[in-house]
Amino acid sequence: MTLRLHVNVDHVATLRQARREAFPDPIAWALACERAGADGITCHLRKDRRHIQDADVVRLRAELSTLLNLECSLDEEMLTLALTSGAEAFCVVPEKRSEVTTEGGLDCLQERARLREAVPALTEAGGVVSLFVDPEPAQLDAAVEVGAPFIELHTGAYANAAPGPAREQELERLARAARHARSIGLRVNAGHGLDYENVGPVAALEGVEELNIGFALVARAVFSGVEAAVRDMRAAMGLASA
Ligand code: PXP
């Protein structure tokens, strides 16, 4: 199975919104990610619009040459926007105003009734639907029950676990969940908290088709770009290069 990398561009929008500037532009970032080999772009239009804005989704859809995966909650306003977004994929996520980032997986058991309506509606709108869930068998069974073709396994607990036995245990949970998901007909993506150090074992999991990664890429690029950024500013100021 060929593994794909989808890049989440929310974090660039977070930086832009910190100054309410027009830059850094998450769409320009997304296009650079595509040039570097991203197989798709993911963004999360949150109800509080803390990072991605409605206009970003429109521009992403128009300018991407890969595909757009839109994360959305089950909130009515967000679902309505998702349905008309033209995104090729939707990932249904839980959303709390107070959280810094998506904290836990979606509770598919609790949300069964709303998912039974949302999954067919999003599918009819032309997108492949995945549900962002913790690696728990009951959640996977509920995902099948509501008709989702994909789940995205929440890798946050794995990423946050201390390297060693604790992380191994979380990796085994992910592996078991991926196996269970496949055995009941679900296709499997994964993501959250993955970085250069912890991504390898998740990338190697049997049956995982796509990883969604955002923060670690921005954190890496800040450092890999710093020397050129300082040199370019010296040049812009008319100073000699160091
Ligand atoms: N998958 C989902 C559903 C997410 O909400 C996020 C975070 O925006 C990610 C993947 C990517 O996580 P990270 O930014 O930690 O790589």
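Numbering (this note's numbering), first residue to last: 128 to 369.
Beta carbons are placed, not taken as given, at the ideal position from N, Cα and C, and that holds for glycine.
Give me the Cα-Cα distance between G274 and S200, rounded to the nearest whole angstrom.
-> Looking up residue 274 in the sequence shown gives position 147. Looking up residue 200 in the sequence shown gives position 73. Their Cα atoms are separated by approximately 17 Å.
My understanding is that L88 touches E215, with C-beta atoms under 8 Å, so please give their C-beta distance in whole angstroms.
-> Here the chain covers residues 128 to 369 and nothing more, so residue 88 does not appear.
Going by Cα to Cα distance, which pick from A348, R361, G327 and A363 is closest to L130?
-> The residue you call residue 130 lines up with position 3 of the sequence shown. The shortest CA-to-CA distance from L130 to any of A348, R361, G327 and A363 is the one to G327.
In terms of residue numbering, what span does the beta strand (DSSP E) encompassing E337 cover?
-> For the purposes of this step, residue 337 is taken as the residue at position 210 of the sequence shown. In the DSSP assignment, E337 falls within the beta strand (DSSP E) that extends over V335 to I340.
Could you round the C-beta distance between V246 and V256 to whole angstroms and report it? I think they count as a contact, below 8 Å.
-> What you label residue 246 is simply residue 119 of the sequence shown in a count that begins at 1. What you label residue 256 is simply residue 129 of the sequence shown in a count that begins at 1. The pair is a contact, with the Cβ atoms about 5 Å apart (cut-off 8 Å).
Pocket of the ligand PXP (residues with CB nearer than 7 Å to any heavy atom), chain order = By the rule of a C-beta closer than 7 Å to any heavy atom of the ligand PXP, the residues picked out are N135, D137, H138, T169, H171, E198, C218, V220, T228, T229, F259, E279, G318, H319, G320, L321, N339, I340, G341, F342 and A343.
Identify, in the order they occur along the chain, each residue of the same chain with its Cβ nearer than 7 Å to the Cβ of N287, setting aside the five sequence neighbours on each side.
-> Numbered from its first residue, the sequence shown carries residue 287 at position 160. Beyond the five residues adjoining it in sequence on each side, N287 comes within less than 7 Å, by CB distance, of G320 in the same chain, given in chain order.
Cα-Cα separation, A240 to R147 = To locate residue 240, count along the sequence shown from 1; it is residue 113. To locate residue 147, count along the sequence shown from 1; it is residue 20. Approximately 38 Å between the Cα atoms of the pair.
For the alpha helix (DSSP H) that contains I154, what are its first and last residues?
-> To locate residue 154, count along the sequence shown from 1; it is residue 27. Start and end: P153 to R162.
Who are the near neighbours of I311 in its chain, counting only those whose CB is closer than 8 Å to its CB and skipping five residues on each side?
-> Start at 1 with the first residue of the sequence shown, and residue 311 comes out as number 184. A distance below 8 Å between beta-carbons, with the five flanking residues on each side excluded, links I311 to the following residues of its chain, in chain order: L267, D268 and V271.
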